[in-house]
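Structure, as structure tokens:
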Amino acid sequence: MSNGDWFAPKRFGYGAGMPIAWQGWAVIAVHVAACVAAFLLLVPRHVVVFIAVIAIATVPLMIVTAQHTRGGWKWRWGSE
1 MSNGDWFAPK RFGYGAGMPI AWQGWAVIAV HVAACVAAFL LLVPRHVVVF IAVIAIATVP
61 LMIVTAQHTR GGWKWRWGSE
């Protein structure tokens, strides 16, 4: 594992798999906490705002996971 690898690649498909370092778990925990907080504060009064907050919170998650996935994000067929 190199210094920047926080997530394992998915075996099949595109994207990141499970976290393999504490930093990856921390990123996931922060994202889940943000989603739960948004749910508790916004639903059921502001459902549209809740959906927007989740979408906005997911963009940095995708950027960080793409930068810190071993081998980067690419399509995998299971043979790698």
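Residue 80 is where the sequence shown ends in UniProt numbering, and the numbering goes up by one at each step.
Glycine included, C-beta positions come from ideal geometry on N, C-alpha and C.
Alpha carbon to alpha carbon, how far is residue i from residue j?
i     : j     : result
His31 : Ala21 : 16 angstroms
Gln67 : Trp25 : 15 angstroms
Gly71 : Ala33 : 28 angstroms
Trp75 : Pro9  : 10 angstroms
Pro19 : Ala29 : 11 angstroms
Trp73 : Tyr14 : 6 angstroms
Helix, strand or coil: how does DSSP classify residue i here?
i     : result
Gly24 : helix
Pro44 : coil
Within the same chain, show all residues whose beta-carbon is closer than 6 angstroms to that of residue i, passing over the 5 residues directly before and after it, in chain order.
i     : result
Thr65 : Phe7, Ala16
Decide if residue i is buried, meaning its Cβ has at least 16 other Cβ atoms within 10 Å, or exposed.
i     : result
Val47 : exposed
Ala37 : exposed
Within its chain, find whatever has a CB closer than 8 angstroms to the CB of residue i; leave out the 5 residues flanking it on each side and keep chain order.
i     : result
Leu42 : Val49, Phe50, Val53
Asp5  : Ile20, Ala21, His68, Thr69, Arg70
Have a look at the DSSP bridge pairing and note the partners of residue i.
i     : result
Pro19 : Phe7
Counting only the same chain and skipping the five closest in sequence on each side, list residues whose C-beta sits under 7 angstroms from that of residue i.
i     : result
Met62 : none
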